[in-house]
Amino acid sequence: MTNENYSMGHPAPSARRRDEDIAPYIRISYSSPRKEGNILKTVYFTEPTKENIEAAAAIIRRGGLLGIPTETVYGLGANALDADAVRSIYEAKGRPSDNPLIIHVPDASWLERYCKEIPESAYRLADRFWPGPLTMILPRKPIVPDRTTGGLDTVGVRCPNHPVTLAIIKAADVPIAAPSGNTSGRPSPTCVADMREDMDGKIDGIFEGGPSQVGVESTIIDLTCTPPRLLRPGGLPLEALEAVLGEVAIDKAVVAKLAEGEKPKAPGMKYRHYAPKAPVTVVTGSPDESAAYIQKNLPADAGVICFSEYTARFSGHIVHDLGPAADKGEQARRVFDALREFDRENVSEIFAQCPDTEGLGLAVSNRLKKAAGFHVIEV
Ligand code: AMP
Ligand code: MG
Numbered sequence: 000m001t002n003e004n005y006s007m008g009h010p011a012p013s014a015r016r017r018d019e020d021i022a023p024y025i026r027i028s029y030s031s032p033r034k035e036g037n038i039l040k041t042v043y044f045t046e047p048t049k050e051n052i053e054a055a056a057a058i059i060r061r062g063g064l065l066g067i068p069t070e071t072v073y074g075l076g077a078n079a080l081d082a083d084a085v086r087s088i089y090e091a092k093g094r095p096s097d098n099p100l101i102i103h104v105p106d107a108s109w110l111e112r113y114c115k116e117i118p119e120s121a122y123r124l125a126d127r128f129w130p131g132p133l134t135m136i137l138p139r140k141p142i143v144p145d146r147t148t149g150g151l152d153t154v155g156v157r158c159p160n161h162p163v164t165l166a167i168i169k170a171a172d173v174p175i176a177a178p179s180g181n182t183s184g185r186p187s188p189t190c191v192a193d194m195r196e197d198m199d200g201k202i203d204g205i206f207e208g209g210p211s212q213v214g215v216e217s218t219i220i221d222l223t224c225t226p227p228r229l230l231r232p233g234g235l236p237l238e239a240l241e242a243v244l245g246e247v248a249i250d251k252a253v254v255a256k257l258a259e260g261e262k263p264k265a266p267g268m269k270y271r272h273y274a275p276k277a278p279v280t281v282v283t284g285s286p287d288e289s290a291a292y293i294q295k296n297l298p299a300d301a302g303v304i305c306f307s308e309y310t311a312r313f314s315g316h317i318v319h320d321l322g323p324a325a326d327k328g329e330q331a332r333r334v335f336d337a338l339r340e341f342d343r344e345n346v347s348e349i350f351a352q353c354p355d356t357e358g359l360g361l362a363v364s365n366r367l368k369k370a371a372g373f374h375v376i377e378v
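For reference, each letter of the sequence shown is one residue, going 0 to 378 in numbering that gives the first Met the number 0.
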């Protein structure tokens, strides 16, 4: 491995690092548990060379933690079949242990290794949408540890659409369990800088793979019930699923705040998520109406997330542009960045315009509403 493997802006490799040039990952101790305050030297891989893919796969095989690029968001990966490695994911993220992980596979032929009672619809979906932003919930085989599934008898499986991560999974020859690579509760990382901000010094390596092309997490569909149930809206629109499956039920946690003690089918949906430090208010309705409402009610020290067409209305405020009102793909790519940016800025509160729920709008509005703790004003 040469210095070219370290991207600009990351700490220059030290003299000691040079001694380790041949295979720095070999020096990392995987056997000792990751204790708080135990700082690791995170290795940054930038070029998808065979040598780097092998080194990254070796981190996975040895039970280490690796930041991986995917088309949805960056993930924090470990060997899904190694309960100790999976425990490290929870520790590094500060994630509650009842919140299961999605396992990542290179193609649908791996489904049978980890799942049973696979309906024919799973193969139809895989055929149509994999690799891509779709996670299927299926009954698990015992080879998948409890730690990975949060004790559930089902497992979430996805085939990500990113050449680097697909190559790493194939080279490691194990499925990679990977939640989003953020510290639990923070917005998901959509570029290597976000990933570094949350995980540098806590994990063994991060593989750079450019900005995430979709920008929101995968759509989760539960195939263990009839009709299939949407547990989380994401990068694959609901309408695309309906075109293949027919009727799809929508879990309540997708659209509303759950009552105290109420349990969603995707345990992760019960947690406050994606939240910047300042409180968020989401304003729905037509773009003109929501912009007018925000303009009228905006305190002097509040910030705004709005569609591109309306940024000029809020001069004097800190504004993050969500993208054109009609371009939900762009809104999906920008939504986490807009929320994350506000943690670097001093605002008393944040008002956000929100798209309608058609297409990717369902995922964008869900992320905004969750960031707001479902504090939504309908105009
Ligand atoms: P993240 O990894 O951050 O994208 O979060 C994964 C999401 O998938 C969480 O909301 C989990 O609760 C959900 N999930 C993972 N596995 C399962 C499963 N077996 N059943 C239901 N939801 C799941
Ligand atoms: Mg997450």
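Yeah, the Cβ is synthetic: ideal placement off N, Cα and C, and Gly gets one too.
Since we're looking at a predicted model, the values are computed, not measured.
| message | Measuring alpha carbon to alpha carbon, tell me which residue in A351, P298, E344 is nearest G322. | response | Numbered from 1 along the sequence shown, position 323 holds the residue referred to as residue 322. Nearest to G322 by C-alpha distance, out of A351, P298, E344, is A351.
| query | In chain order, what residues of the same chain have a beta carbon less than 7 Å from the beta carbon of H390, not counting five sequence neighbours either side? | reply | For residue 390 there is no data in the structure shown, the boundaries of the chain being 0 and 378.
| said: To the nearest angstrom, how far is the alpha carbon of E190 from that of E116? | reply: Along the sequence shown, one-based indexing puts residue 190 at 191. Along the sequence shown, one-based indexing puts residue 116 at 117. Inspection of the sequence shows that residue 190 is occupied by Cys rather than by Glu. Approximately 37 Å between the Cα atoms of the pair.
| N41 to L361 span [Cα, whole Å] | For the purposes of this step, residue 41 is identified with residue 42 of the sequence shown, where counting begins at 1. For the purposes of this step, residue 361 is identified with residue 362 of the sequence shown, where counting begins at 1. What sits at residue 41 in the sequence shown is Thr, not Asn. Approximately 36 Å, taken between the alpha carbons.
| task | Let me have the residue list for the ligand AMP: C-beta closer than 6 Å to any non-hydrogen atom, ordered along the chain. | result | Residues with a Cβ closer than 6 Å to any heavy atom of the ligand AMP, in chain order: N98, P99, L100, I101, I136, T148, L151, T153, V154, G155, P178, S179, E216, I219, L230, R231, K264, A265, P266, G267, M268.
| task | Answer yes or no: the CB of S314 versus the heavy atoms of the ligand MG, is any distance below 7 Å? | result | Counting from 1 along the sequence shown, the entry for residue 314 is found at position 315. Because no heavy atom of the ligand MG lies under 7 Å away, the Cβ of S314 does not count as near it: no.
| Secondary structure at Y385, three-state DSSP: helix, strand or coil? | No answer is possible for residue 385: the residues shown for the chain start at 0 and end at 378.
| For E285, the three-state DSSP class (helix, strand or coil) | Your numbering for residue 285 matches position 286 in the sequence shown. Per the sequence shown, residue 285 should be read as Ser rather than Glu. S285 falls in the coil class under three-state DSSP.
| request: Kindly examine the ligand MG and report whether one of its heavy atoms sits closer than 7 Å to the Cβ of S211. | output: Counting from one through the sequence shown, the residue named residue 211 turns up at place 212. Result no, Cβ not under 7 Å from the ligand MG.
| message | For R228 and H161, what's the separation of their Cα atoms in angstroms? | response | Locating residue 228 in the sequence shown gives position 229, where the first residue counts as 1. Locating residue 161 in the sequence shown gives position 162, where the first residue counts as 1. Going from the Cα of R228 to the Cα of H161 covers about 26 Å.
| Option nearest V215 by Cα separation, candidates D193, V318, P132 | In the sequence shown, residue 215 corresponds to position 216, counting from 1. Proximity to V215 across D193, V318, P132 peaks at P132, based on C-alpha coordinates.
| message | Taking the alpha-carbon of Y89 as reference, which of P178, E241, E340, I167 has the nearest alpha-carbon? | response | For the purposes of this step, residue 89 is identified with residue 90 of the sequence shown, where counting begins at 1. The residue with the shortest Cα to Cα distance from Y89 is P178.
| request: Give the range of the beta strand (DSSP E) segment to which I64 is assigned. | output: Taking the sequence shown and counting its residues from 1, one reaches residue 64 at position 65. Reading the sequence as shown, one finds Leu at residue 64 and not Ile. From DSSP, L64 is part of no beta strand (DSSP E); its letter is neither H nor E.
| query | Can L39 and D203 be called in contact, C-beta distance under 8 Å? | reply | As a first step, residue 39 must be located in the sequence shown, where it is residue number 40. As a first step, residue 203 must be located in the sequence shown, where it is residue number 204. Result yes, Cβ atoms of L39 and D203 sit closer than 8 Å.
| query | In the structure shown, what three-state DSSP assignment does D197 receive? | reply | Your numbering for residue 197 matches position 198 in the sequence shown. In the three-state reduction of the DSSP assignment, D197 falls in the helix class, which pools H, G and I.
| Rounded straight-line distance, which links the Cα of L244 to that of K369 | Indexing the sequence shown from 1 puts residue 369 at position 370. Indexing the sequence shown from 1 puts residue 244 at position 245. Rounded to the nearest whole angstrom, the C-alpha separation of K369 and L244 is 27 Å.
| task | Check whether the Cβ of S187 lies closer than 7 Å to any heavy atom of the ligand MG, and answer yes or no. | result | Here residue 187 is taken as the residue at index 188 of the sequence shown, counted from 1. Flag set: Cβ of S187 near the ligand MG.
| If you measure from the CB of H161, is any heavy atom of the ligand FMN nearer than 7 Å? | This structure lacks the ligand FMN; its bound ligands are the ligand AMP and the ligand MG.
| message | Suppose contacts are defined by Cβ-Cβ distances below 8 Å. Is G284 in contact with E196 by that definition? | response | Against the sequence shown, residue 284 aligns to sequence position 285. Against the sequence shown, residue 196 aligns to sequence position 197. When the beta-carbon positions are compared, G284 and E196 stay at least 8 Å from each other.
| message | Given a cut-off of 8 Å on the beta-carbon distance, is the pair H319 and G184 in contact? | response | Residue 319 sits at position 320 when you count from the first residue of the sequence shown. Residue 184 sits at position 185 when you count from the first residue of the sequence shown. With contacts defined by Cβ atoms closer than 8 Å, H319 and G184 do not form a contacting pair.
| request: Look at the alpha carbon of A252 and the alpha carbon of S364, and state the distance between them as a whole number of angstroms. | output: Against the sequence shown, residue 252 aligns to sequence position 253. Against the sequence shown, residue 364 aligns to sequence position 365. Those two C-alpha atoms are separated by around 13 Å.
| said: Quick check: A176 and I58, are their CB atoms within less than 8 Å of each other? | reply: The residue labelled residue 176 in the question sits at position 177 within the sequence shown. The residue labelled residue 58 in the question sits at position 59 within the sequence shown. Judged by beta-carbon spacing, I58 lies beyond the 8 Å limit of A176, meaning their Cβ atoms are not closer than that value.
| task | May I ask you to report which of helix, strand or coil DSSP gives P205? | result | Numbered from its first residue, the sequence shown carries residue 205 at position 206. Looking at the sequence itself, residue 205 is Ile, so the reference to Pro does not match. Per DSSP, reduced to three states, the secondary structure at I205 is strand.
| request: Mind the definition here: the segment 60-76 touches the segment 135-144 only if three or more C-beta pairs lie below 8 Å; say whether that holds. | output: Touching, no.
| Taking just the CA atoms, how far does R366 sit from L257? | In the sequence shown, the residue the question calls residue 257 occupies position 258. In the sequence shown, the residue the question calls residue 366 occupies position 367. L257 and R366: Cα-Cα distance of roughly 15 Å.
| field | For V375 and V279, the rounded distance between their alpha carbons | value | As a working note, residue 279 is residue 280 in the sequence shown. As a working note, residue 375 is residue 376 in the sequence shown. So the two alpha carbons sit approximately 9 Å from each other.
| said: Applying the 10 Å Cβ sphere with the 16-neighbour rule, what's the burial state of P95? | reply: The count along the sequence shown starts at 1 and reaches residue 95 at position 96. Label assigned to P95: exposed.
| Proximal residues to T223 (C-beta, below 7 Å), its chain only, five neighbours per side dropped | Residue 223 sits at position 224 when you count from the first residue of the sequence shown. Closer than 7 Å at Cβ, skipping near neighbours: I136, L137, P138, T153.
| Cβ pair N181, G149 closer than 8 Å | Reading the sequence shown from its first residue, position 182 is the one you call residue 181. Reading the sequence shown from its first residue, position 150 is the one you call residue 149. Cβ distance not < 8 Å, so N181 and G149 don't count as in contact.
| Starting from E377 and walking both ways along the beta strand (DSSP E), at which residues does that stretch end? | If you number the sequence shown from 1, residue 377 lands on position 378. Where E377 is concerned, the enclosing beta strand (DSSP E) starts and stops at 375-377.
| So what does DSSP say about V143, is it helix, strand or coil? | For the purposes of this step, residue 143 is taken as the residue at position 144 of the sequence shown. Three-state DSSP puts V143 in coil, outside helix and strand.
| Which whole runs of the beta strand (DSSP E) in the segment 151-189 are 3 residues long or more, in chain order? | Given a length threshold of 3 residues, each whole run of the beta strand (DSSP E) inside the segment 151-189 is given here in chain order: 153-157.
| In chain order, what residues of the same chain have a beta carbon less than 6 Å from the beta carbon of C353, not counting five sequence neighbours either side? | Stepping through the sequence shown from its first residue, residue 353 is reached at position 354. Non-local C-beta neighbours of C353 in its own chain, meaning closer than 6 Å and more than five positions away in sequence, comprise V281, T283, S364, L367, ordered along the chain.
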